[in-house]
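Numbering (this note's numbering), first residue to last: 16 to 262.
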């Protein structure tokens, strides 16, 4: 099997298992291979899942052969489903969805996507939308970088972000984007729970059609010689500014 068939990393696996025990969320794997060291570290939580998981001990070299080239940290789990839904399932989710909703336009680097998902979860975001095309999917590499955040996020792949934004606006969400030409006062942006937050491609930023759908466009002030931020850093700044505004 290829690395695409596995979920890996001790922290990532632990977060998924803890989420399952805490919330009853469906497990995305049923078989798990561990080195003796990893098994000992995860022993307590694995004991609570006896009968739900097929647990196998394996040598590091065997894990290397099962998933070549990945930093598995002594644990591999065989994937049975992805942590993402489609437009139909998003429509159902939207019935009881609370904001903010993070929309990621064409984030193509798995490392960036994983770090953004981790950052989003840390700020309390629960719903993330990514386009079906021109975007990194939820790969094992993304899951590992996300450090377990996917266990707490609802991630949906959708076909037409512009149409989705219109639908969200009709449900009284406000769309916020960032640009170096943004002029909106951060303090005037509506409440955190009412927001759809757009973040764009690493090199090109947001598509023009998405910018045109925005209700508010803000600017991150920069004071050095470099004119742009990594999208992960920019996402963290935007989420912090919108979440932690003075009451």
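Built from N, CA and C at the ideal position, the CB exists for glycine as well.
Requested in this report: Could you name the residues that DSSP lists as bridge partners for residue 167?
Outcome: Partner(s): none; residue 167 has no beta bridge.
Query raised in the report: Are the beta-carbon atoms belonging to residue 53 and residue 90 less than 7 Å from one another?
Result: yes
Query raised in the report: What separation, rounded to the nearest whole angstrom, lies between the Cα atoms of residue 224 and residue 124?
Result: 22 Å
Requested in this report: Name the two residues that bound the continuous alpha helix (DSSP H) containing residue 25.
Outcome: 25 to 38
Report task. Determine the contact status of residue 134 and residue 251, defining contact as a CB-CB distance below 7 Å. Result -> yes
Report task. Return the residue from the list 78, 113, 199, 238 that minimises the CA-CA distance to residue 168. Result -> 113
Query raised in the report: In angstroms, rounded to a whole number, what distance separates the CA positions of residue 98 and residue 43?
Result: No answer about residue 98 holds up, because its pLDDT of 48 lies below 50 and its placement is not dependable.
Query - residue 130 beta carbon less than 7 Å from that of residue 170 - result: no
Query raised in the report: Since residue 33 and residue 60 are thought to touch, with beta carbons under 8 Å apart, how far apart are those beta carbons, to the nearest angstrom?
Result: 7 Å
Requested in this report: Determine, using beta carbons only, whether residue 258 and residue 201 come nearer to each other than 7 Å.
Outcome: no
Report task. Under 6 Å Cβ to Cβ from residue 256, same chain only, skipping five residues before and after it: list those, please. Result -> 201
Query - Own chain, CB closer than 6 Å to residue 46, minus 5 neighbours either side, in chain order - result: 69, 93
Report task. Excluding the 5 residues preceding and the 5 following residue 116 in the sequence, name in chain order all residues of the same chain whose CB lies nearer than 6 Å to its CB. Result -> 142, 211
Requested in this report: Determine the extent of the beta strand (DSSP E) in which residue 146 is found, giving its start and end residues.
Outcome: 142 to 146
Query raised in the report: According to DSSP, which residues form a beta bridge with residue 193?
Result: 233
Query raised in the report: Between the beta-carbon of residue 197 and the beta-carbon of residue 120, is there less than 7 Å?
Result: no
Report task. For residue 27, count neighbouring Cβ atoms within 10 angstroms of its own Cβ and tell me buried if that reaches 16, exposed if not. Result -> buried
Query raised in the report: Excluding the five sequence neighbours on either side, which residues of its own chain have a C-beta within less than 8 Å of the C-beta of residue 246, listed in chain order?
Result: 122, 127, 131, 214, 215, 216, 217
Query raised in the report: Relative to the alpha-carbon of residue 220, which residue among 239, 88, 234 has its alpha-carbon at the smallest distance?
Result: 234
Query raised in the report: Do the stretch 136 to 154 and the stretch 170 to 179 touch if we need at least three Cβ pairs shorter than 8 Å?
Result: yes
Query raised in the report: How many Å lie between residue 230 and residue 192 at the Cα?
Result: 8 Å
Query raised in the report: Looking at the structure shown, is residue 47 part of a helix, part of a strand, or coil, going by DSSP?
Result: strand
Query raised in the report: Cβ of residue 140 less than 7 Å from any chain D Cβ?
Result: In the structure shown, chain D does not exist; there is a single protein chain.
Query - Length of the line joining the Cα atoms of residue 65 and residue 72 - result: 15 Å
Query raised in the report: Under three-state DSSP, which class holds residue 223?
Result: helix
Query raised in the report: From residue 56 to residue 50, what distance separates their C-alpha atoms?
Result: 10 Å
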